[in-house]
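Take a look at the structure set out below.
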Amino acid sequence: MSETNLYCLGASFAVLMADYRAAQSQLSALQHEADRTAADAGLVYGSSAWSAHRFAVTGRTVHHVNALYEKLEDLAQEIAPIRPACFAGLVIKARAHQFAGNPAAVISEIEALAKANGQQAA
């Protein structure tokens, strides 16, 4: 795959990540509100009634957050095999590796890029 494809995937990843963070923030606010209204209604934390109430308030947003996460996972997997040819591509790879929970994987990307540019990585 090409560096151009990496940039396109990286742009899509950045847009989805912004949407994901906004949705997570919205979910957090909804969870707080659901917990407050459940407490006001006398629902016991962790009870089935509390869980049902919380899901009624947050369920749609939970599904949206999960769908965005799955799309980000798919993009991270598409980005993974593409070798960056410059620093901008390396940044895209680093973000994808960080999202995937493997930030150390970018080290091999840095070493490969340094080698391709005739530089010695320490």
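Note that the working numbering has the sequence shown beginning at 4, numbered continuously upward.
The beta-carbon is built from N, C-alpha and C at its ideal position, and this holds for glycine as well.
**Message:** Rounded to the nearest angstrom, what separates residue 87 and residue 21 at their Cα positions?
**Reply:** Roughly 23 angstroms separates the two Cα atoms.
**Message:** Quick check on residue 68: buried or exposed, where buried means 16 or more other Cβ atoms within 10 Å of its Cβ?
**Reply:** The residue is buried, with at least 16 neighbouring Cβ atoms inside 10 Å.
**Request:** Measure the beta-carbon distance from residue 41 to residue 57 and round it to whole angstroms, keeping in mind my assumption that it falls under 8 angstroms.
**Result:** By a beta-carbon distance limit of 8 angstroms, residue 41 contacts residue 57. Their separation comes to about 7 angstroms.
**Asked** Between residue 79 and the rest of its own chain, which residues show a CB-CB distance below 6 angstroms, the 5 nearest in sequence each way excluded?
**Response** For residue 79, the CB contacts under 6 angstroms within the same chain, skipping 5 residues up- and downstream, are 99, 102, 103 in chain order.
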